[in-house]
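*Asks:* Take this structure first; my questions come after.
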Amino acid sequence: MQNDGKVGPSHRTTKELAMHSPLARLPVILLQVHDKAAQQLRNELQVLFENADQTLFEMADKAHNDTEQSLFFEAMRDVRLKRKSIERGFLERLFDAFMRLTQPDVSEPSLQVVPAGHAVFSLMADNIERAQVTNAMVTRVLTRNQLELCQLSTRLNTLSCMPLDEHNNPLGPAMLCEYFLQAERDQGMDIKVKLIMLRLFDKYLLSQTGQLYADANQLLIATGVLPDLSEQASCCAAKADMNAQELPGAGEDASNLIGLLFDYISDDRNLAQPLKKLLALLREPMLQIARRDQNFFSCDSHPARRLLNAMADAAIGWNASASSCNDPLYRKVEHVVLQLARYAGNNPALLESLLHDFLMFTRGERSRTELLEQRTRDAEQARRRPALQRNPVQSWPAPVLDEQGQLGLLLVSQLRIGTWIELQEDEATRLRCKLITILEPEGTHIFVNRIGAKVLEKSRNDLIVQLRNGGVLLVDDRLLIDRALESVIDSLRQSGGE
């Protein structure tokens, strides 16, 4: 244990490292690359921790309750105390990863790295949530610095006894995230704090990887390691083939999570029954997609995920009676589902094509609906104008409400223009409609159906009563997969006793 504030082996010079066994087996050029990278990363870690205190203080100031505020204040103290240990743990793991480049037969490596887009989604809530964050972070780096990282991996391959690509490169974003996660894990930090620290890690370290890779490549070029490497680096050329294959170990995790997501979808009261029946046909195709590319879970721009979200969003106004007989949207969703039901998971271009086609269709539908909504809004306002002119507005004292009435008023206050509600008309009939205007001073709420035609008019007092007794329910219009993942995370956290 070091007590002088220095952080792990990165403080040793290349000469000192090369004099000790087994370090003598590590080529000097690898030590130089390590030293240069460690210096930059150490400086960036220091900036991260200098900003962590202020970030946690601001979050404590905005906390929703005393418990949450105490968590952030305790985290501030925790981070201050554990800062040096986390820095040391990170840099030691970085050094160990460089050491393993020349030790392919190490029986128990300290890191078990998987490709960033295929992070292991264990059935623990914090792992799922953390994987969502880290995969998004890693994807940004791979998109931004893919060429530089591929070239670095290709050059390091000439010095390494083990095959390298952008996923297990010691300086790759997946590995950098893993060093940081394990260093935090060693310190037993709360999951909320870990996620905050991960976002700071993204801001202060991963945002600087362009310079990191440029410096490492320049060092290798200067010593004659593939100085004329083509822009079509081998690992870049192989990437498409690698991503098209199912990764070992990904199947079971993907199957578990897809199962949980579709269980949520089948029970989600916000989805109309006709849509649930159609989406149920997609469980197997989505599993095939997720097995090959677990970015489906972590990347909200994944085409399959966007397609599911788009279909759910477009059908939010469906009632239980929606059918193919008279609804173009139903027929369009059915067409997409049938196309996907035959999908084997190996043609990303088909996903992009289906997504583009569906979005173009819904854009046209939305334009027509918005036009009719505006006509309905104008007609309702014009209809009330003469009555207001005959009977000018008078001020009346606000009614005194009991506790239940206050609850109903609070629910009504959550109604915004564009909010969807579901009205229980009788035991067998539910009506879905959208709020398009509130006519004052009486507080009349005007609702339309999915095509923009008026179907319901309710006074504020009527809504207070019905929202309070459950006769009217608010429809959750958040993205389907987002709220499904949130539900899965919450249930796993509860079952895990967190």
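For reference, each letter of the sequence shown is one residue, going -17 to 480 in the numbering used here.
Where is the CB? At the ideal position from N, CA and C, for every residue including glycine.
This structure is a prediction, so every number in the text was calculated from the model and none was measured.
1. If you follow the beta strand (DSSP E) that Q406 is part of, which residue opens it and which one closes it?
2. Counting beta carbon pairs with one atom in the stretch 288 to 303 and one in the stretch 333 to 343, are three or more of them shorter than 8 Å?
3. To which residues of the same chain is H16 closer than 6 Å at the C-beta, ignoring the five residues directly before and after it?
4. Does the Cβ-Cβ distance between T344 and A296 come in under 7 Å?
5. Determine the closest residue to K66 out of F54, A45 and Q28, with distance taken between C-alpha atoms.
6. Who are the Cβ neighbours of M268 in its own chain at under 7 Å, not counting the five residues just before and after it?
7. Indicate the three-state DSSP secondary structure (helix, strand or coil) for D282 in the structure shown.
8. In angstroms with no decimal places, state the Cα-to-Cα distance between R288 and Q321.
9. What are the start and end residues of each continuous beta strand (DSSP E) run of 3 or more residues lying completely inside the stretch 392 to 469, in chain order?
10. Answer with buried or exposed for R348, where buried requires no fewer than 16 other C-beta atoms within 10 angstroms of its C-beta.
11. Pick from F31, V120, A196 and D444: whose alpha carbon is nearest that of K18?
12. On the three-state DSSP scale, how would you describe D60?
13. Quick one: what's got a C-beta closer than 6 Å to A466's C-beta in the same chain, skipping five residues either side?
14. Looking at L393 and L417, is the spacing between their C-beta atoms short of 7 Å?
15. State the Cα-Cα distance for the pair I271 and V319, rounded to the nearest angstrom.
16. In terms of residue numbering, what span does the alpha helix (DSSP H) encompassing M157 cover?
17. Within this structure, are the beta carbons of L163 and E148 separated by less than 7 Å?
18. Count the CB pairs spanning the stretch 200 to 207 and the stretch 21 to 39 that are closer than 8 Å, and state whether there are at least three.
19. Determine the extent of the alpha helix (DSSP H) in which H46 is found, giving its start and end residues.
20. Of the choices A326, L188 and R412, whose alpha-carbon is the least far from that of E266?
21. Rounding to the nearest angstrom, what Cα-Cα distance links R10 and G71 in this structure?
22. Suppose you measure from the CA of R24 to the CA of Y186; what does that come to, to the nearest Å?
23. With burial defined as no fewer than 16 other Cβ atoms inside 10 Å of the residue's Cβ, what is the status of L462: buried or exposed?
24. Assign C143 to buried or exposed, taking buried as 16 or more other Cβ atoms, counted over all protein chains shown, within 10 Å of its Cβ.
25. Assuming A156 and V120 form a contact by the criterion Cβ under 8 Å, report the distance between their Cβ atoms to the nearest whole angstrom.
26. With 16 as the cutoff for other CB atoms within 10 Å, does D235 come out buried or exposed?
27. Could you say which of N301, A323, G299 and S283 lies nearest to A262 if we only look at CA atoms?
28. Since T426 and E407 should fall inside the 8 Å C-beta cutoff, what is the C-beta to C-beta distance between them, to a whole number of angstroms?
29. I'd like the span of the alpha helix (DSSP H) that includes H317, first residue to last.
30. Distance, Cα to Cα, L12 vs V457?
31. Using a Cβ-Cβ cut-off of 8 Å (strictly less than) and excluding sequence neighbours within five positions of Q486, which residues of its own chain qualify?
32. To which residues of the same chain is S469 closer than 8 Å at the C-beta, ignoring the five residues directly before and after it?
33. Can you tell me which of E404, R442 and N238 puts its alpha carbon nearest to the alpha carbon of T419?
34. Keeping to the same chain, check which residues put their C-beta closer than 7 Å to that of E90; ignore five residues upstream and five downstream.
35. Between the C-alpha atoms of G400 and K436, what's the straight-line distance to the nearest angstrom?
*Replies:* Reading off the structure:
1. W402 to Q406
2. Result yes; three or more Cβ-Cβ pairs closer than 8 Å.
3. F80
4. yes
5. Q28
6. I240 and A286
7. coil
8. Taking the straight line from one Cα to the other gives about 16 Å.
9. 402 to 406, 412 to 421, 426 to 430, 436 to 440 and 454 to 456
10. exposed
11. A196
12. helix
13. L243 and Y246
14. Taking 7 Å as the Cβ cut-off, L417 and L393 do not qualify as a contacting pair.
15. Those two C-alpha atoms are separated by around 14 Å.
16. Note, M157: alpha helix (DSSP H), P155 to D168.
17. E148 is positioned such that its CB atom lies no closer than 7 Å to that of L163.
18. no
19. Run containing H46: none; DSSP gives neither H nor E here.
20. The shortest C-alpha separation from E266 is found at A326.
21. For clarity, residue 10 is Val in the given sequence; the question names Arg instead. Going by the C-alpha atoms only, they are around 23 Å apart.
22. Spanning the alpha carbons of R24 and Y186 requires a straight line of approximately 11 Å.
23. buried
24. exposed
25. So it is a contact: roughly 5 Å between Cβ atoms.
26. buried
27. A323
28. The pair is not a contact, with the Cβ atoms about 19 Å apart (cut-off 8 Å).
29. P310 to A323
30. It is roughly 57 Å from the alpha-carbon of L12 to the alpha-carbon of V457.
31. Nothing in the structure corresponds to residue 486, since the chain is present only between -17 and 480.
32. Y246
33. R442
34. For E90, the pLDDT reaches just 40, beneath the cut-off of 50, and the residue's location in the model is therefore unreliable, although a value from the coordinates is still provided. Taken in chain order, the list of residues that qualify is empty.
35. The straight-line gap from Cα to Cα measures roughly 14 Å.
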